[in-house]
Amino acid sequence: IERYEAPNDEYKNGRLIIVCDNKLLHIGELPYINLRDGKRGFPFIKQVALEQTNCFFGISVIDRCIPIQRAYNAVKNRKHEFLNRLAMGVLTIEDGSVDIENIEDEGLSPGKILVYRQGSTPPSFMQAGSVPSDLSNEEDRLLQEFQLISGVSDLMRNSKVLNASNMSGVAIQLLIEQDDSRLASSSDQIRFAVLEMAKQAIRLYKQYATLPRLTKITNNGGEIEIVYFKASDISSDDVVFETESEISETLAQKRTMVMDLLNAGLLSDENGKLSNRMRAKALELLGFGLWETAQDTSSLHVRRADKENLDIIENRKIEVDEFDDHAIHIIEHINYLFSGALDNNKTKAKENLKEHIRVHKQMQALLSEMNDTKNDILNKGE
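So, in structure tokens, the structure goes:
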């Protein structure tokens, strides 16, 4: 049995008590620094379907549908009572005209010979009328309320749109967005739980990764790199999602949006052309990052610059190669410098990176001057 006790006035870091077979195995403070600002807390992550005030476990859609289900069952029972009365009928019999006990035991089966007293009124069925329209209206209203609360419309339940021949594509898309918006609250709870899990994992590495650890980093293009890190390399425990919710935006919608941006020329440079870097990024957004990696050398320069950034953190001397694309290297190194990764006790690494950027700029300026001189010579020769 494990008993976790939250931090309080008596126990600043909380308590963890472990008992097995009536024997005390452990008693002490909470072991994990897994909350913000270096605080200790429960190593659990709560995920609910829908949040409710003053309710730890939250509620689900089923809880909200139970009262409607009870009302719907009551309406159905009343409706069936009317239908049974219409099918079986209510028999009226004059007192003393027939044998009541025989009628109760055998009923009025087809072909039965009914003997009644001479001069009396023969038995007959009462007019039960028809099922009240109010019951049908209430039944339809409850079904609509089911759809509103549960978020299951005709489109999601039947995988088709009723009267689709009379609806435009925009109207069908609006129906799909409405169904997705009903699931947004529950999907956000899943995302929050995944986000909190990632943050706690980073904080645990910050606490226990005293020796270098080996990890794999995979980018959008499918490339895998092996990196060593330790606790002092983790400068932040903040985690963000790079993409929006998958519920509200599908892969087909993302690809359509990228194509619209390309057709509109919003991703082109000031000359109206698509740079190699932006072409590689567009292919990554479309899901074809590996193609650009195999065909364009700019992505190789980006990878080399990223590797140099990691080497500079380890205070390794990085030489500028004459074959480097200096423009790409300068951009990648400056972005890394402004990212904040070198803010915490990385003064030497930061100075090394600045000096590395200066060398790139000097070589870039030298190459530009050489090209200008070459063009002048060619122009004079002509």
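For what it's worth, my numbering labels the leading residue of the sequence shown as 8, then goes sequentially.
Glycine included, C-beta positions come from ideal geometry on N, C-alpha and C.
Check your understanding: How long is the line joining the alpha carbons of His367 and Ala56, rounded to whole angstroms?
Key -> Locating residue 367 in the sequence shown gives position 360, where the first residue counts as 1. Locating residue 56 in the sequence shown gives position 49, where the first residue counts as 1. Looking at the two C-alpha atoms, the distance is approximately 53 Å.
Check your understanding: Assuming Phe325 and Asp318 make a contact with CB atoms under 8 Å, what is their CB distance in whole Å?
Key -> As a position in the sequence shown, residue 325 is number 318, starting the count at 1. As a position in the sequence shown, residue 318 is number 311, starting the count at 1. Per the sequence shown, residue 325 should be read as Ile rather than Phe. In this structure Ile325 touches Asp318 by the C-beta definition: roughly 6 Å separates them, less than 8 Å.
**Study point:** Cβ distance (whole Å) where Arg210 is taken to contact Ile8 below 8 Å
**Key:** In the sequence shown, counting from the first residue as 1, residue 210 sits at position 203. In the sequence shown, counting from the first residue as 1, residue 8 sits at position 1. Actually they are not in contact, since the Cβ atoms of Arg210 and Ile8 sit about 26 Å apart, beyond 8 Å.
Exercise for review: Return the CA-CA distance between Glu299 and Leu274, expressed in angstroms with no decimal places.
Suggested key: As a position in the sequence shown, residue 299 is number 292, starting the count at 1. As a position in the sequence shown, residue 274 is number 267, starting the count at 1. With a pLDDT of only 48 at Glu299, under 50, the local geometry of the prediction cannot be trusted, and the value read off the model is given with reservation. Our two residues, Glu299 and Leu274, have alpha carbons roughly 17 Å apart in a direct line.
Check your understanding: What residues are listed by DSSP as bridge partners for Thr222?
Key -> The sequence position of residue 222 within the sequence shown is 215, counting from 1. In the DSSP output, where bridge partners are listed per residue, Thr222 has Val234.
Check your understanding: Does the Cβ-Cβ distance between Ala238 and Lys213 come in under 8 Å?
Key -> Locating residue 238 in the sequence shown gives position 231, counting from the first residue. Locating residue 213 in the sequence shown gives position 206, counting from the first residue. In contact: Ala238 and Lys213 (Cβ atoms closer than 8 Å).
Practice item. Compute the beta-carbon to beta-carbon distance between Leu115 and Val105, rounded to the nearest angstrom, for a pair I have assumed lies under 8 Å. Key: Stepping through the sequence shown from its first residue, residue 115 is reached at position 108. Stepping through the sequence shown from its first residue, residue 105 is reached at position 98. Not really, about 10 Å apart at Cβ, beyond 8 Å.
Check your understanding: Ser131 by DSSP, collapsed to three states: which one?
Key -> On the sequence shown, position 124 is the one that residue 131 refers to. Residue state, collapsed to three classes: strand.
Practice item. Can you tell me which of the three DSSP states Met377 falls into? Key: Walking along the sequence shown from the start, residue 377 turns up at place 370. Looking at Met377 - three-state DSSP - the assignment turns out to be helix.
Check your understanding: Given Ala200, which residues of its chain have a CB within under 8 Å of its CB, disregarding the five upstream and five downstream residues?
Key -> Counting from 1 along the sequence shown, the entry for residue 200 is found at position 193. Leaving aside the five residues that flank Ala200 on each side, the residues in its chain whose CB is nearer than 8 Å to its CB run, in chain order, Ile52, Lys53 and Gln54.
Practice item. Pick helix, strand or coil for Phe64, following the three-state DSSP scheme. Key: Here residue 64 is taken as the residue at index 57 of the sequence shown, counted from 1. In this structure, Phe64 counts as strand in the three-state DSSP scheme.
Check your understanding: Leaving out five residues before and five after Ala78 in sequence, what residues of the same chain have Cβ atoms less than 7 Å from its Cβ?
Key -> Numbered from its first residue, the sequence shown carries residue 78 at position 71. Excluding positions up to five away in sequence, the list reads Leu149.
Check your understanding: Taking the alpha helix (DSSP H) that Gln125 falls in, what are its first and last residues?
Key -> As a first step, residue 125 must be located in the sequence shown, where it is residue number 118. Looking at the DSSP string, Gln125 is not in any alpha helix (DSSP H), and its letter there is neither H nor E.
Practice item. With DSSP as the reference, please indicate the residues paired to Leu149 in a beta bridge. Key: Walking along the sequence shown from the start, residue 149 turns up at place 142. Its beta-bridge partners do not exist; DSSP assigns none.
Check your understanding: Which word fits Asp276, buried or exposed, when buried means at least 16 other C-beta atoms lie within 10 angstroms of its C-beta?
Key -> Within the sequence shown, the letter at position 269 stands for residue 276. Exposed.
Practice item. Go to Tyr343, then tell me how far its alpha helix (DSSP H) extends in each direction, as first and last residue. Key: Locating residue 343 in the sequence shown gives position 336, counting from the first residue. Where Tyr343 is concerned, the enclosing alpha helix (DSSP H) stretches over His333 to Phe345.
Review point. Ordered along the chain, which non-local residues of its own chain (more than five positions away) have a Cβ less than 6 Å from that of Met133?
Key: If you number the sequence shown from 1, residue 133 lands on position 126. Taking Met133 as the centre and dropping the five residues before and after it, the same chain places the C-beta of Val97 and Thr99 closer than 6 Å to its C-beta, in chain order.
Point to revise | Residues bridged to Gly35 [DSSP beta-bridge criterion] | key: Position 28 of the sequence shown holds residue 35. In the DSSP output, where bridge partners are listed per residue, Gly35 has Leu23.
Point to revise | Option nearest Phe153 by Cα separation, candidates Leu360, Arg43 and Cys72 | key: Here residue 153 corresponds to residue number 146 of the sequence shown, with the count starting at 1. Taking only the C-alpha atoms, the option nearest Phe153 is Cys72.
Practice item. Please state whether DSSP places Thr99 in a helix, a strand or coil. Key: Residue mapping note: residue 99 aligns to position 92 of the sequence shown, counting from 1. Strand, per DSSP.
Exercise for review: May I ask you to list the residues that DSSP assigns as paired with Leu57?
Suggested key: Here residue 57 refers to the residue found at position 50 of the sequence shown. Looking at the DSSP output, Leu57 bridges to Ile66.
Check your understanding: So what does DSSP say about Lys30, is it helix, strand or coil?
Key -> Indexing the sequence shown from 1 puts residue 30 at position 23. If DSSP states are grouped into helix, strand and coil, Lys30 belongs with the strands.
Check your understanding: Quick one, which of His87, Gln125, Ser242 and Ala271 has its alpha-carbon nearest Asp350's?
Key -> The residue given as residue 350 occupies position 343 in the sequence shown. The residue among His87, Gln125, Ser242 and Ala271 with its C-alpha nearest the C-alpha of Asp350 is Ser242.
Review point. Nearest to Ser157 by alpha carbon, out of Arg92, Asp195, Ser67 and Lys46?
Key: If you number the sequence shown from 1, residue 157 lands on position 150. Of the listed residues, the one whose Cα sits closest to Ser157 is Ser67.
**Study point:** CA nearest to the CA of Phe89, picked from Leu344, Val138 and His336
**Key:** Start at 1 with the first residue of the sequence shown, and residue 89 comes out as number 82. Closest in C-alpha terms to Phe89, from the list Leu344, Val138 and His336, comes Val138.
Review point. Mapping DSSP to helix, strand and coil, what is Arg391?
Key: Outside the modelled stretch of the chain, which goes from 8 to 389, sits residue 391, for which no answer is possible.
Check your understanding: Between which two residues does the alpha helix (DSSP H) carrying Tyr215 extend?
Key -> Position 208 of the sequence shown, counting from 1, holds the residue named residue 215. Judged by DSSP secondary structure, Tyr215 falls within the alpha helix (DSSP H) whose first and last residues are Ala191 to Tyr215.
Exercise for review: Give every residue of the same chain whose Cβ lies closer than 8 Å to the Cβ of Asn20, excluding the five residues on either side of it in the sequence, and list them in chain order.
Suggested key: Position 13 of the sequence shown holds residue 20. Closer than 8 Å at Cβ, skipping near neighbours: Pro14, Glu36, Leu37 and Arg47.
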